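Student: Under UniProt numbering, the residue at position 86 of the sequence shown is numbered 86, and the numbers go up by one with no gaps. Built from N, CA and C at the ideal position, the CB exists for glycine as well. Because the structure is a prediction, the values reported are computed rather than measured.
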Amino acid sequence: MASSFITQTDSFKIKGFQTLKERPLLLALYGKLDPSLQLAGSVTYYGHGLNEFVPPRTAAYISQHDVHIGEMSVRETLAFSARCQGVGSRYDMLSELSRREKSA
């Protein structure tokens with residue numbers, strides 16, 4: 001049984017090899033636990049249950065082995081990911097690109 005509370009101003013990381021203890025926690029945080037499991041308690045994000053938001057839009061897994069663009073720093077990788085999701089300073093450009101792709 002695990003119990004923890006992380007405030008809105010906290011950020012955290014889980015570092016190390018994925019063990020039997022870490023895997024269920026990561027699955028719970030990402031909203032991917034097997035629905036047939038009998039659970040007690042809940043995982044919330046800013047007071048909202050996992051059924052009220054899309055966990056992949058608020059959480060990320062970053063491997064220590066870069067398999068995408070090896071020249072980018074961690075900061076650049078996170079900024080790139082945010083821009084791809086349609087947020088940040090280039091939202092208008094991405095919206096226009098999306099509109100053009102749909103019309104093509």
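#1: Please report the residue range of the alpha helix (DSSP H) in which Ala40 lies.
#2: Pull the bridge partners of Gly49 from the DSSP assignment, please.
#3: Given this structure, state the Cα-to-Cα distance separating Gly49 from Leu33, to the nearest angstrom.
#4: Report the three-state DSSP secondary structure of Glu71 (helix, strand or coil).
#5: Can you give the Cα-Cα distance for Cys84 and Ser98, rounded to whole angstroms?
#6: Is Lys32 helix, strand or coil when you go by DSSP?
Tutor: Let me spell this out:
#1: Premise fails: Ala40 is in no alpha helix (DSSP H) and is neither H nor E.
#2: DSSP, once it has assigned bridges, lists Thr44 as partnering Gly49.
#3: Linking Gly49 to Leu33 through their CA atoms gives a straight-line distance of about 14 Å.
#4: Note: Glu71 maps to coil in three-state DSSP.
#5: For Cys84 and Ser98, the distance between alpha carbons rounds to 11 Å.
#6: Here DSSP, grouped into helix, strand and coil, assigns Lys32 to coil.
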